[in-house]
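Student:
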Amino acid sequence: RSRSTDKAKWLVNQHAIPLTVEEFPQAQRNFPIVFSSGDNPVPLGLMGLNEGVNVFFDDEGAVTSPVYVPAYARRYPFMLAKLNPEAEDLSLCFDPTTDLIGAFDDGLELFEGENPTEACKATLNFCEQFEIAGQKTQAFIEELTKNKLLMEGEVSSAEKVLHGSEKPFTAIIGGAKVSDKILIIENL
1 RSRSTDKAKW LVNQHAIPLT VEEFPQAQRN FPIVFSSGDN PVPLGLMGLN EGVNVFFDDE
61 GAVTSPVYVP AYARRYPFML AKLNPEAEDL SLCFDPTTDL IGAFDDGLEL FEGENPTEAC
121 KATLNFCEQF EIAGQKTQAF IEELTKNKLL MEGEVSSAEK VLHGSEKPFT AIIGGAKVSD
181 KILIIENL
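Counting from 1, one number per residue, gives the positions in the sequence shown under the numbering used here.
#1: Give, in chain order, every unbroken run of the beta strand (DSSP E) that is at least 3 residues long and sits entirely within the segment 87-166.
#2: Which same chain residues end up closer than 8 angstroms to residue 44 when comparing Cβ atoms and leaving out the 5 residues on each side of it in sequence?
#3: Does DSSP put residue 7 in a helix, in a strand, or in coil?
#4: So residue 77 is in the alpha helix (DSSP H); what residue range does that whole segment cover?
#5: With a threshold of 16 other CB atoms inside 10 Å of the CB of residue 38, please say whether the residue is buried or exposed.
#6: Note the first and the last residue of the continuous alpha helix (DSSP H) segment covering residue 62.
#7: Inspect the beta-carbon positions of residue 8 and residue 48 and report whether they are closer than 9 angstroms.
#8: Under a three-way DSSP split, which group does residue 25 fall into?
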């Protein structure tokens, strides 16, 4: 069986969560979108300015204010994976350490005998859509990289200004919802 939860303990200390390009319109309303550095950049929702600090989730993993939760987090504890390197098909897998899947009396059944239930099929569909969105995101990143539209160092520069500047100072933080930016500003 699979239990749902209103707490995401796995996000408590995560200050950056992977995003797909399809999520940009919703995500940008709540937090900045940045790209990781290196040869294979990944778009990330910035959930806090300091490593290990997520200003949108409390210590128990509960959302502290209405915020968009990325699909990467919503799909947990499930994921698609190749069961061996030669496999072409992806299999629905789950984190074996989670307390959200097990032989419970409550929760949604995943199988009826050997057949997947509608709940299992819906989870598989969500993960397949997430995988497709990930492929679109990779194509988007390749275009950004090919056209040299990504710059490194923006966040580290901001970090130096925010923590190495004499106070008071002025910080300009973009985005559509001021209430969400207040959480970040309060943690400066």
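Glycine included, C-beta positions come from ideal geometry on N, C-alpha and C.
Tutor: From the atom records:
#1: Within the segment 87-166, the complete beta strand (DSSP E) runs of at least 3 residues are 91-94.
#2: Counted from its first residue, the sequence shown places residue 44 at position 44. Counting only Cβ-Cβ distances below 8 angstroms, and skipping sequence neighbours, we find 16, 17, 18, 19, 33, 34, 35 and 36.
#3: Translated into positions along the sequence shown, residue 7 becomes position 7. Strand.
#4: To locate residue 77, count along the sequence shown from 1; it is residue 77. Here residue 77 belongs to no alpha helix (DSSP H), and DSSP marks it neither H nor E.
#5: Against the sequence shown, residue 38 aligns to sequence position 38. Burial call: exposed.
#6: What you label residue 62 is simply residue 62 of the sequence shown in a count that begins at 1. Looking at the DSSP string, residue 62 is not in any alpha helix (DSSP H), and its letter there is neither H nor E.
#7: Your numbering for residue 8 matches position 8 in the sequence shown. Your numbering for residue 48 matches position 48 in the sequence shown. For residue 8 and residue 48, no; Cβs fall outside 9 angstroms.
#8: Position 25 of the sequence shown, counted from the first residue, corresponds to residue 25. In this structure, residue 25 counts as helix in the three-state DSSP scheme.
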